[in-house]
Amino acid sequence: MLMFRVKRDVTKRALNTICSSNYLRTRNFCGTAAVGVSSSIERDTDYAEKVGMTNKVNQHDIAIVGGGMVGLAFACALSSMPLTKQLSIAIIDSNPALSSRQCFNKNAIPDPRVSTVTPSTISFFKEVGAWEHVQQQRHAFFNQMQVWDYTGLGYTRYNARDVGKDCLGCVVENKVLANSLLLCLQNADFQKTIYSARLTSMAFPSQSSSAGNCAGQEYVKDNISGASPTKENEDKKCNNRFMKLDLSDSKSIYAKLVVGADGAKSHVREIAALKTTGWKYPQSAIICTVEHAMENHYAWQRFLPSGPIALLPIGNNFSNIVWTMRPEESAEHKSMNSDDFVKAVNHALDYGYGGHPQSNFLDGYIDKFSSLTGLGVESVKEPFQVPPRITNVVSERMAFPLSLMHAHDYASKRVVLVGDAAHTVHPLAGQGVNLGFGDASTLAKIIAEGLSVGTDIGELSLLKKYERDRKAANVTMMAILDGFQRAFSVDLGPINVLRAAAFHGAQYITPLKRNIISYAMGEQKWPLFS
């Protein structure tokens with residue numbers, strides 16, 4: 099009888115221990131990924147209560163440091179997929195605009211800070227539900243582009259119809275892109291918290307000192323004996339899963355994954371000790387909004403001795419100027435009066451430095467060959483056109499130095515970089531923000547893939563998959579843009595002839611032209627014949 103009573107007591111204690119230690123919850127008896135994600139969230143919440151962390155406000159799956167265009171795009175991408183929309187997201191940025199809805203007047207003067215978004219980026223915005231908000235605000239599509247050299251030896255025209263598309267890109271003010279993404283995020287059924295503060299410090303898993311400093315650590319140890327785990331073991335398990343982020347408003351939050359979307363001078367990258375390679379160009383860029391007599395539907399770019407000048411449509415009779423030049427020249431052009439600046443822009447876009455490119459006998463032979471073989475495209479027959487004449491500068495002129503930077507690693511355990519935090523490029527092709535949106539889209543999809551098989555979203559092997567995918571694409575584009583910048587910075591007879599030959603090849607060799615267009619539009623991963 100005594101033996102029976104002892105066995106009954108032991109059995110009762112074991113059952114109580116199993117029920118109280120989440121033993122059953124650590125087993126996923128359902129094969130569906132969604133149930134697995136849900137049970138993981140429940141386990142984290144239960145453990146937080148166990149260790150006394152009942153303030154659920156500061157617990158998050160992902161903390162996005164930087165609420166700019168790329169950070170918001172990443173959050174929108176997470177909110178648009180069934181698996182990732184279950185995650186709790188924190189956005190850390192001191193910009194007060196993130197806490198309010200804004201409505202921009204379409205009839206106001208366009209802001210000089212704009213981005214040229216590619217069809218690939220437009221598709222991404224449509225997927226996450228942000229493009230409908232862009233369409234309600236100011237934006238300008240363009241379906242043709244002309245690029246030429248100041249020597250007058252060659253030019254190239256691109257037409258969206260060459261690749262069966264309606265547009266080559268769309269010029270949108272940065273504030274419109276950011277506001278559209280914010281509206282999309284605010285309308286999403288999604289667990290998000292915006293912290294209006296700056297990141298001051300970040301403690302890596304091995305640097306935490308107690309389980310009380312970590313919110314939501316999963317408790318998975320099978321405890322049949324009923325004995326409580328030691329505080330040391332609790333700390334170790336907890337510290338391996340969560341980052342602690344200290345903010346400028348004295349708050350601290352905890353996250354399984356920290357995403358650095360905080361720009362070229364990334365504090366996340368600095369704290370994570372992720373090294374970079376790069377250099378400063380001996381150039382600065384001036385940007386401003388200009389006005390002309392009639393509406394502009396084309397993108398124009400002319401390569402000058404000191405750097406390219408681009409004229410981009412932004413709606414109505416307004417266009418955006420991006421003019422690259424030496425730093426001392428940018429200071430001079432920024433401070434000159436409006437009339438002199440307008441004269442300088444027209445000089446740079448039209449008759450300055452050299453004459454207009456003219457067709458020659460070789461162009462005629464190539465044109466005939468294209469027509470006979472059926473390989474010709476519409477833009478082959480389009481002659482050189484003079485850009486619209488600028489009548490007024492209607493915004494402030496801004497100048498900023500140009501540089502190239504690339505992080506050796508995009509990821510370390512529980513930390514990953516996106517956008518300018520991982521790479522910056524020369525603005526001559528307007529590809530910088532498109533690379534960042536590509537990062538945001540890819541990272542969100544890889545996190546969803548990880549969740550579908552039960553992978554920890556902060557696991558380095560998962561983050562390295564994102565890095566491999568995006569590093570190849572980003573480095574290729576960076577190398578092309580840097581090569582263009584160097585090739586067009588040399589004013590030497592033989593180099594000028596080679597540049598002219600390149601322009602003629604891009605204008606008349608149809609397969610080459612189609613590949614260039616598709617790659618620039620973001621619809622082709624590699625630049626040539628992929």
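Mind the numbering: the sequence shown is residues 99 to 628 in the working numbering, read in order.
Just so you know, even glycine gets a beta-carbon here, dropped at the ideal spot from N, CA and C.
Since the structure is predicted, the reported quantities are computational estimates derived from the model, not experimental observations.
For a test of the three-state rule: what should DSSP assign to threonine 216, helix, strand or coil?
Here the question's residue 216 lines up with position 118 in the sequence shown. Three-state DSSP puts threonine 216 in coil, outside helix and strand.
With contact counted as at least three CB pairs below 8 Å, one residue from each stretch, are the segment 548-558 and the segment 603-617 in contact?
Counting C-beta pairs with one atom in each stretch, the segment 548-558 and the segment 603-617 have fewer than three that are closer than 8 Å, which means they do not touch.
Would you check if the distance between the CB atom of alanine 519 and the CB atom of glycine 165 is smaller than 9 Å?
In the sequence shown, counting from the first residue as 1, residue 519 sits at position 421. In the sequence shown, counting from the first residue as 1, residue 165 sits at position 67. Note that the C-beta distance between alanine 519 and glycine 165 is not below 9 Å.
Is there a C-beta anywhere in chain C that falls below 9 Å from the one on proline 486?
Considering every chain present, this structure includes no chain C. It has just one protein chain.
Reducing DSSP to helix, strand and coil, say where isoleucine 614 ends up.
Residue 614 sits at position 516 when you count from the first residue of the sequence shown. Three-state DSSP puts isoleucine 614 in a helix.
Three-state secondary structure (DSSP) of glycine 591
Position 493 of the sequence shown, counted from the start, is the residue given in the question as residue 591. Helix, per DSSP.
Mind checking whether methionine 341 and lysine 349 have CB atoms under 9 Å apart?
Looking up residue 341 in the sequence shown gives position 243. Looking up residue 349 in the sequence shown gives position 251. Cβ atoms of methionine 341 and lysine 349: not closer than 9 Å.
Hey, alanine 618 and phenylalanine 582: beta-carbon distance below 9 Å or not?
Reading the sequence shown from its first residue, position 520 is the one you call residue 618. Reading the sequence shown from its first residue, position 484 is the one you call residue 582. No; because the gap between Cβ atoms is not below 9 Å, this pair is not in contact.
Please report the straight-line C-alpha distance between proline 380 and threonine 298, rounded to a whole angstrom.
Stepping through the sequence shown from its first residue, residue 380 is reached at position 282. Stepping through the sequence shown from its first residue, residue 298 is reached at position 200. The alpha-carbon separation between proline 380 and threonine 298 amounts to approximately 33 Å.
Does DSSP put valine 261 in a helix, a strand or coil?
As a working mapping, residue 261 is identified with position 163 in the sequence shown. Looking at valine 261 - three-state DSSP - the assignment turns out to be helix.
Judging by CA-CA distance, which residue of Leu181, Gln157, Glu494 and His158 is the nearest neighbour of alanine 542?
Looking up residue 542 in the sequence shown gives position 444. For alanine 542, the closest of Leu181, Gln157, Glu494 and His158 by C-alpha to C-alpha distance is Leu181.
Integer-rounded CB distance, given that alanine 295 should sit under 8 Å from serine 192:
If you number the sequence shown from 1, residue 192 lands on position 94. If you number the sequence shown from 1, residue 295 lands on position 197. With a Cβ gap of about 6 Å, serine 192 and alanine 295 count as contacting.
Could you compute how far the alpha carbon of leucine 266 sits from the alpha carbon of aspartate 344?
One-based indexing of the sequence shown puts residue 266 at position 168. One-based indexing of the sequence shown puts residue 344 at position 246. Going by the C-alpha atoms only, they are around 43 Å apart.
Is the CB-CB distance between proline 485 and glutamine 244 below 9 Å?
Residue 485 sits at position 387 when you count from the first residue of the sequence shown. Residue 244 sits at position 146 when you count from the first residue of the sequence shown. Cβ distance < 9 Å, so proline 485 and glutamine 244 count as in contact.
Spell out the partners DSSP gives phenylalanine 401 in its beta bridges.
Start at 1 with the first residue of the sequence shown, and residue 401 comes out as number 303. BP columns for phenylalanine 401 point to Asp247 and Pro406.
Short Cβ contact (9 Å threshold) for methionine 496 with proline 208
Position 398 of the sequence shown, counted from the start, is the residue given in the question as residue 496. Position 110 of the sequence shown, counted from the start, is the residue given in the question as residue 208. Pairing methionine 496 with proline 208 gives a Cβ-Cβ distance that is not under 9 Å.
Quick check: the Cα distance between glutamate 480 and histidine 237, rounded to an integer number of angstroms?
Walking along the sequence shown from the start, residue 480 turns up at place 382. Walking along the sequence shown from the start, residue 237 turns up at place 139. Rounded to whole angstroms, glutamate 480 and histidine 237 show a C-alpha spacing of 26 Å.
Any idea what DSSP makes of cysteine 268, helix, strand or coil?
What you label residue 268 is simply residue 170 of the sequence shown in a count that begins at 1. For cysteine 268, the three-state secondary structure derived from DSSP is strand.
Based on the DSSP output, what are the partners of tryptophan 421 in its beta bridges?
Numbered from 1 along the sequence shown, position 323 holds the residue referred to as residue 421. Partner(s): Ile384 and Ile407.
Report the residue from Ala188, Asn156 and Gln157 whose alpha carbon sits nearest the alpha carbon of glycine 169.
As a working note, residue 169 is residue 71 in the sequence shown. Closest in alpha carbon position to glycine 169, among Ala188, Asn156 and Gln157, is Ala188.
In chain order, which beta strand (DSSP E) runs of at least 3 residues are fully inside the segment 497-584?
You should have 513-515.
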